[in-house]
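Participant:
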Amino acid sequence: MRSPLFDASHHERQTTDRWTLQSQKMLRCALTPQAPEIISSAGAMVAYQGQMDFSYQGSGGGMKLLKKMATGEGASLMRTRGQGEVFYARQNNEIFLIQLEGEALTLNTRNMLAFDSSIQWDIRSLGGAGFMAGGLFNLVLQGQGMVALTSDGPPMLLDCSQQPTFVDPQAAVCWSANLQPQIKNDFKMGSLIGRGSGESFQLGFHGPGFVVVQPSEGTPVVSTS
27 MRSPLFDASH
37 HERQTTDRWT
47 LQSQKMLRCA
57 LTPQAPEIIS
67 SAGAMVAYQG
77 QMDFSYQGSG
87 GGMKLLKKMA
97 TGEGASLMRT
107 RGQGEVFYAR
117 QNNEIFLIQL
127 EGEALTLNTR
137 NMLAFDSSIQ
147 WDIRSLGGAG
157 FMAGGLFNLV
167 LQGQGMVALT
177 SDGPPMLLDC
187 SQQPTFVDPQ
197 AAVCWSANLQ
207 PQIKNDFKMG
217 SLIGRGSGES
227 FQLGFHGPGF
237 VVVQPSEGTP
247 VVSTS
């Protein structure tokens, strides 16, 4: 049997690293019983090899209660432990790895893919934006470990220290945890355009730090009513 499908570039990358980008859009994580568990967005797992145990974050053991995440589907977190390899991806989005070395990072929960369970985390709503944005929740991560996030297209890094920076809430991927975004409402009655998100209000960032922006507002939420 012959096909470009079987080219070496499509094979699993054999490596001893715990976190490896199998491709720009596929993440491979190696797990052992001695290694920290991996916390991921529910539904992000696309394949695994070996023996794995999956459970919802918050199911017993004194873990945090489930919190709604702003995916339009109320998705939750998953814990994975076991022996083998697990593969993560999301809607053909690009994946980026960030090594936290004690720092803190704020993520749009829509863009969180997975992170080491050794990292402390909390999900927080952005005051006032939940109603206006149809639900805007941020994941605050801090500690030691690896974080995998996604971007719907090539991301752009903006420096917020020189001047105020305003970003569509659906396009904001992550930002420096010390930055506290403010809501800037540009809505004028009768002049709402586009999807009614960034065109009507934005998240304003100003101070020493960065914000990462994706060239997309994400997948629109389709009403079934």
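Whatever position you read off the sequence shown (first residue = 1), add 26 for my numbering. Note that CB positions come from ideal geometry on N, CA and C, so glycine has one too. These figures come from a predicted structure and were not determined experimentally.
(1) Should the stretch 119 to 130 be regarded as contacting the stretch 186 to 197, the criterion being three or more beta carbon pairs within less than 8 Å?
(2) Suppose you measure from the CA of threonine 167 to the CA of glutamine 117; what does that come to, to the nearest Å?
(3) Classify alanine 116 as helix, strand or coil using the three-state DSSP reduction.
(4) CA-CA distance, glycine 108 and serine 81?
(5) May I have the straight-line CA-CA distance separating threonine 176 from methionine 138, to the nearest angstrom?
(6) For serine 67, count the other beta carbons within 10 Å of its own beta carbon; 16 or more makes it buried, fewer makes it exposed. Which is it?
(7) Taking the DSSP output, what are the residues bridged to phenylalanine 231?
(8) Answer with buried or exposed for alanine 73, where buried requires no fewer than 16 other C-beta atoms within 10 angstroms of its C-beta.
(9) Ignore the nearest five residues each way along the sequence and tell me which others in glutamine 75's own chain have a CB closer than 6 Å to its CB.
(10) If serine 143 and isoleucine 65 are in contact, beta carbons under 8 Å, what's the gap, nearest whole angstrom?
(11) In angstroms, rounded to a whole number, what distance separates the CA positions of tryptophan 45 and phenylalanine 32?
(12) How many angstroms separate the CA atom of proline 30 from the CA atom of histidine 36?
(13) Could you give the residue range of the beta strand (DSSP E) that holds leucine 64?
(14) Please classify proline 2 as buried or exposed, where buried requires at least 16 other C-beta atoms within 10 Å of its C-beta.
(15) From alanine 198 to valine 239, what does the alpha carbon distance come to, in whole angstroms?
(16) Here's a check: name, in chain order, each residue in its chain whose Cβ is nearer than 7 Å to the Cβ of asparagine 119, leaving out the five neighbours to either side.
Facilitator: In this structure, then:
(1) no
(2) Indexing the sequence shown from 1 puts residue 167 at position 141. Indexing the sequence shown from 1 puts residue 117 at position 91. Note on residue identity: the sequence assigns leucine, not threonine, to residue 167. Taking the straight line joining both Cα atoms gives about 23 Å.
(3) Residue mapping note: residue 116 aligns to position 90 of the sequence shown, counting from 1. Residue identity differs from the one stated: residue 116 is arginine in this sequence, not alanine. Correct three-state label for arginine 116: coil.
(4) Position 82 of the sequence shown, counted from the start, is the residue given in the question as residue 108. Position 55 of the sequence shown, counted from the start, is the residue given in the question as residue 81. Looking at the two C-alpha atoms, the distance is approximately 12 Å.
(5) Here residue 176 refers to the residue found at position 150 of the sequence shown. Here residue 138 refers to the residue found at position 112 of the sequence shown. Looking at the two C-alpha atoms, the distance is approximately 6 Å.
(6) Within the sequence shown, numbered from 1, the residue matching residue 67 stands at position 41. Counting Cβ neighbours within 10 Å, serine 67 comes out buried, since at least 16 surround it.
(7) Within the sequence shown, residue 231 is the residue found at index 205, counting from 1. Phenylalanine 231 pairs with Thr191.
(8) For the purposes of this step, residue 73 is taken as the residue at position 47 of the sequence shown. Classification of alanine 73: exposed, given that the 10 Å Cβ count is below 16.
(9) Taking the sequence shown and counting its residues from 1, one reaches residue 75 at position 49. Closer than 6 Å at the Cβ level, and outside the excluded window around glutamine 75, lie Gly110, Glu111.
(10) As a first step, residue 143 must be located in the sequence shown, where it is residue number 117. As a first step, residue 65 must be located in the sequence shown, where it is residue number 39. That pair is a contact at about 5 Å.
(11) Translated into positions along the sequence shown, residue 45 becomes position 19. Translated into positions along the sequence shown, residue 32 becomes position 6. So the alpha carbons of these two residues sit roughly 24 Å apart.
(12) What you label residue 30 is simply residue 4 of the sequence shown in a count that begins at 1. What you label residue 36 is simply residue 10 of the sequence shown in a count that begins at 1. So the alpha carbons of these two residues sit roughly 9 Å apart.
(13) Against the sequence shown, residue 64 aligns to sequence position 38. A small correction: the amino acid at residue 64 is isoleucine; leucine does not occupy that position in the sequence shown. Taken as a continuous stretch (DSSP letters only), the beta strand (DSSP E) holding isoleucine 64 covers 64 to 67.
(14) Given a span of 27 to 251 for the chain in the structure shown, any question on residue 2 remains unanswerable.
(15) Residue 198 sits at position 172 when you count from the first residue of the sequence shown. Residue 239 sits at position 213 when you count from the first residue of the sequence shown. Cα to Cα, alanine 198 sits roughly 5 Å from valine 239.
(16) Translated into the one-based positions of the sequence shown, residue 119 becomes position 93. Here the set comprises Lys51, Thr176, Ser177, Asp178.
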